[in-house]
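*Asks:* My questions will all concern the structure given below.
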Amino acid sequence: MMEYLNESSVEAFIKAALAEDIGDGDHSTLASVPEDAIGKAKLLVKDDGIIAGIEMAKQIFDYFDPELKVETLIGDGARVKQGEIAFTVEGKARSILTSERLVLNCMQRMSGIATYTSNLNDLISHTNAKLLDTRKTTPNFRICEKWAVVIGGGKNHRFGLYDMVMLKDNHIDFAGGIHEAISATKNYLHKKGLDLKIEVETRNLDEVKQVLDHEGIYSILLDNMGPEILKEAVELINGRTVTEASGGITEETITAIAESGVDYISVGALTHSAGSLDLSLKAIDE
């Protein structure tokens, strides 16, 4: 699901992020660097990991100053080592300096997420389970974080509240139960003329059975269930819906969970707990 990576959404993000950083002007650069100065800089990798955000960097530079020229040396998703150079950028020195921080903020965070995603993927690569992200993202930075998950080899879950129905425990409890929540949801979608997938969170095998009483459910989320219970749930569901394991999944537990036979494993930590990869933009003396 990459619909969010359209020209208007990316441009809107870049515009807002630059406005936040620049305000009424980059006075450090304007004060010290001549207007006609031309420069060149390199993106230096200072950590080992998966590089992500190269394409976003190119779009940031192009948005801020279309005359900046970027030479890509390493593409998104590549495994990099300390000391490598990912790209060079050449053009007005003022433009490079003013857009530098947004490029680095995006790339460092995106590369950290891609690296963590790739590491978790390695732990489940011998199974058929696929890694999913969640909505546990940084406000106004979701576009970059979810993009990074894909670069790291994961898959996007829903982007927001609008593109899928996900009936979680609170929805079910407030609605009066699983049957009530599902029936109300189907009526709502019919009245609104909406064709949205329905996923239902379950907390035990009894709730799984309740969901299976209903047709037209796309996915059952199996929340905070151990590997043995997950195996029972997968056998019970028997392919009638997609299965997704979620809840407190770590590097220590993800392999056993994947081996239970679930289709997907959603991990909020991909976006809310991954660190950043150390990167730096350094001027090149020529």
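Here UniProt numbering is used: position 53 in the sequence shown is 53, and no number is missing along the way.
By construction, the Cβ of each residue, glycine as well, lies at the ideal position given by its N, Cα and C atoms.
#1: At the level of alpha carbons, what is the spacing between Val242 and Lys40?
#2: Ignoring anything shorter than 4 residues or poking outside the segment 52-121, list the alpha helix (DSSP H) runs there in chain order.
#3: Rounded to whole angstroms, what is the Cα-Cα separation between Glu207 and Ala245?
#4: Below 8 Å on the Cβ atoms is my guess for Ala52 versus Ser111; work out the distance and round it to an integer in Å.
#5: Restricting to Cα atoms, I'd like to know which of Phe141, Gly247, Tyr4 is closest to Arg203.
#6: Quick check on DSSP: helix, strand or coil for Ala258?
#7: Considering only DSSP beta bridges, list what Val200 is partnered with.
#8: Check whether the segment 123-136 and the segment 252-271 are in contact - that is, three or more C-beta pairs closer than 8 Å.
#9: Please classify Thr185 as buried or exposed, where buried requires at least 16 other C-beta atoms within 10 Å of its C-beta.
#10: Need the endpoints of the alpha helix (DSSP H) that Tyr188 sits in, please.
#11: Is it buried or exposed, Leu43, if we count other Cβ atoms within 10 angstroms and call 16 or more buried?
#12: Which value, in whole angstroms, describes the spacing of the CA atoms of Ile113 and Tyr162?
#13: Since Lys155 sits in a beta bridge, which residues does DSSP pair it with?
#14: Could you give the first and the last residue of the continuous beta strand (DSSP E) run that contains residue 294?
#15: Nearest CA to the CA of Trp147: which residue from Asp76, Arg240, Ser280?
#16: Just to confirm, are Val89 and Phe61 a CB contact at a threshold of 7 Å?
#17: Rounded to whole angstroms, what is the Cα-Cα separation between Arg94 and Ala31?
#18: Check whether the Cβ atoms of Leu221 and Thr117 lie closer than 7 Å to each other.
#19: What distance in whole Å lies between the Cβ atoms of Phe159 and Tyr4, which are believed to be in contact at a cut-off of 8 Å?
#20: Express the C-alpha separation of Leu120 and Met56 in angstroms, rounding to a whole number.
#21: Using C-beta distances below 6 Å, list every residue in its chain close to Gly268, excluding the 5 sequence neighbours before and after it, in chain order.
#22: I'd like to know whether the C-beta atoms of Leu279 and Met107 end up nearer to each other than 7 Å.
#23: Please confirm whether Gly91 and Lys69 have their CB atoms less than 7 Å apart.
#24: In the structure shown, what three-state DSSP assignment does Lys282 receive?
#25: Beta-carbon within less than 6 Å of Ile172's beta-carbon, same chain only, minus the 5 sequence neighbours each way: which residues are those?
*Replies:* Judging by the given coordinates:
#1: Those two C-alpha atoms are separated by around 50 Å.
#2: 54-64
#3: If you take the alpha carbons of Glu207 and Ala245, they lie about 14 Å apart.
#4: 5 Å
#5: Checking every option, the nearest Cα to that of Arg203 belongs to Gly247.
#6: helix
#7: Leu167, Ile220
#8: yes
#9: buried
#10: 178-192
#11: buried
#12: Spanning the two alpha carbons is a distance of roughly 24 Å.
#13: Leu132
#14: The chain is shown from 1 up to 286; residue 294 falls before or after that span and cannot be answered.
#15: Asp76
#16: Contact flag set, yes.
#17: 10 Å
#18: no
#19: About 5 Å separates the two Cβ atoms, so the contact holds.
#20: Approximately 24 Å, taken between the alpha carbons.
#21: Thr134, Lys136
#22: yes
#23: yes
#24: strand
#25: Ile178, Ala181
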